[in-house]
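*Asks:* For what it's worth, the working numbering labels the leading residue of the sequence shown as 83, then goes sequentially.
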Amino acid sequence: MAAAKIKKGDTVVVLSGKDKGRTGEVTKALPKEGKVIVSGINVATRHRKPTQANPQGGLERIEAPLHASKVAIADPKSGKATRVRFETKDGKKVRVAVKSGEVING
């Protein structure tokens with residue numbers, strides 16, 4: 083299994099698509115599908131008919147999954163998109179931002 087470069091709780095920058103350039107936090111990672119769900123990004127709207135459970139009906143906005151290749155982790159120093167490298171520090175495998183060399187917590 084490939085190591086997880088993007089995990090839940092990471093701040094990411096969207097690289098392509100309608101939300102290009104926006105940042106958000108990963109609320110859910112779907113490693114089997116290679117997708118992530120980012121808060122406030124790729125919001126899909128569904129028109130719902132009134133039901134007994136929801137008598138009002140109306141618009142339902144949900145965050146749709148994005149392919150993991152469309153997002154990059156935000157550098158902890160600058161906030162810009164960066165790639166991730168794995169290093170061993172104090173006998174632990176840690177994620178390191180390629181641009182700044184900062185350790186990414188998590």
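Ideal Cβ placement from N, Cα and C applies to all residues, glycine included.
All of these numbers come straight from a predicted model, not from anything done at the bench.
1) For Leu141, does the count of other Cβ atoms within 10 angstroms reach 16, so buried, or fall short, so exposed?
2) Applying the 10 Å Cβ sphere with the 16-neighbour rule, what's the burial state of Ala179?
3) Which whole-angstrom value is the C-beta distance of Ile155 and Ala126, which I expect to be below 8 Å?
4) So, helix, strand or coil for Lys150, using DSSP?
5) At what residues does the beta strand (DSSP E) containing Gly140 begin and finish?
6) Cβ atoms of Ile123 and Val166: under 7 Å apart, would you say?
7) Please classify Val108 as buried or exposed, where buried requires at least 16 other C-beta atoms within 10 Å of its C-beta.
8) Count the other CB atoms, across all protein chains shown, that sit within 10 Å of the CB of Thr133; report buried if there are 16 or more and exposed otherwise.
9) In terms of alpha-carbon separation, which member of Gly99, Gly183, Ala146 and Arg177 lies closest to Ile88?
10) Is it right to say Asp172 is buried, meaning 16 or more other beta carbons lie within 10 angstroms of its own, or is it exposed?
*Replies:* Concretely, from the data shown:
1) Here the question's residue 141 lines up with position 59 in the sequence shown. Exposed, by the Cβ-count rule.
2) Sequence index remark: in the sequence shown, residue 179 carries index 97 (1-based). Result: buried.
3) The residue labelled residue 155 in the question sits at position 73 within the sequence shown. The residue labelled residue 126 in the question sits at position 44 within the sequence shown. With a Cβ gap of about 24 Å, Ile155 and Ala126 do not count as contacting.
4) Walking along the sequence shown from the start, residue 150 turns up at place 68. Correcting the residue type first, residue 150 is Ala in the shown sequence and not Lys. Looking at Ala150 - three-state DSSP - the assignment turns out to be helix.
5) Walking along the sequence shown from the start, residue 140 turns up at place 58. Counting along the chain, the beta strand (DSSP E) containing Gly140 begins and ends at Gly140 to Glu145.
6) What you label residue 166 is simply residue 84 of the sequence shown in a count that begins at 1. What you label residue 123 is simply residue 41 of the sequence shown in a count that begins at 1. No; because the gap between Cβ atoms is not below 7 Å, this pair is not in contact.
7) Counting from 1 along the sequence shown, the entry for residue 108 is found at position 26. Per the 10 Å Cβ criterion, buried.
8) Here residue 133 is taken as the residue at index 51 of the sequence shown, counted from 1. Its Cβ having fewer than 16 others within 10 Å, Thr133 is exposed.
9) Start at 1 with the first residue of the sequence shown, and residue 88 comes out as number 6. Comparing Cα-Cα distances from Ile88 to each of Gly99, Gly183, Ala146 and Arg177, the minimum goes to Arg177.
10) One-based indexing of the sequence shown puts residue 172 at position 90. With fewer than 16 Cβ atoms within 10 Å of its Cβ, Asp172 is classed as exposed.
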